[in-house]
Amino acid sequence: MTSRTAAPPDELDAIFDALAAKPRREIVRLLATGAGADDERCCSTDEVCACIFSEKLGLSSPTVSHHMKTLIEAGVVTARKQGRWVYYHLDHKTLSRFIAELTQMAGCADGAC
Numbered sequence: 098m099t100s101r102t103a104a105p106p107d108e109l110d111a112i113f114d115a116l117a118a119k120p121r122r123e124i125v126r127l128l129a130t131g132a133g134a135d136d137e138r139c140c141s142t143d144e145v146c147a148c149i150f151s152e153k154l155g156l157s158s159p160t161v162s163h164h165m166k167t168l169i170e171a172g173v174v175t176a177r178k179q180g181r182w183v184y185y186h187l188d189h190k191t192l193s194r195f196i197a198e199l200t201q202m203a204g205c206a207d208g209a210c
C-alpha cells in the first residue's frame, strides 16, 4: 500500500475512537445495511435519519445526536439536512482508507489473509 492511500494517523485515531463505543458501531452497521430503506417516513437505502437509530437502538434523540457528532467528526459518517430531518450516510472513502490501514496492520496487504 502506498502512503497516498493510507489514512493519516490523526484520522485513524479518530476512527478508532469513534468505533470504540458499541452504539456507534451499531449505527455504522445500520447505515451499512440500509436499515431505514423500508421506512417511508424519511429514509432510503443509503441514507438514514436519526429517528431510525433511536427506534432500533432504544436511544434518546440527544444520545443519538452525541454519537452522530462523534462519527461525523471522525469522518465515518456525513450528514445532509433537509427540512426537519437530518439524513446520515457512511463516508465510504474514509472507511476504505481505514480498512486498507487495518489490512496493512494485520499483514494482509499482499493478499496473504
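In our numbering, the protein residues as written are 98 to 210. From the three backbone atoms N, C-alpha and C, an ideal C-beta is built for every residue, glycine too.
In its chain, beyond the 5 residues on either side, L116 have a beta carbon closer than 8 Å to the beta carbon of R122. In summary, E152 is exposed, with fewer than 16 beta-carbon neighbours lying within 10 Å of its beta-carbon over all protein chains present. At a Cβ-Cβ threshold of 7 Å, H186 and D143 count as neighbours.
Taking all protein chains in view, the Cβ of R194 is crowded by 16 or more other Cβ atoms within 10 Å, so the residue is classified as buried.
Residue nearest to I149 within the set M202, A132 and T200 is A132 (criterion: CA-CA distance). The three-state secondary structure of A176, taken from DSSP, is strand. In the displayed model, L116 falls within coil according to three-state DSSP, outside both helix and strand. Per DSSP, reduced to three states, the secondary structure at L187 is strand.
The three-state reading of DSSP puts C146 in strand, counting E and B together.
Of the other Cβ atoms in all chains shown, 16 or more fall within 10 Å of the Cβ of E198; this residue is therefore buried.
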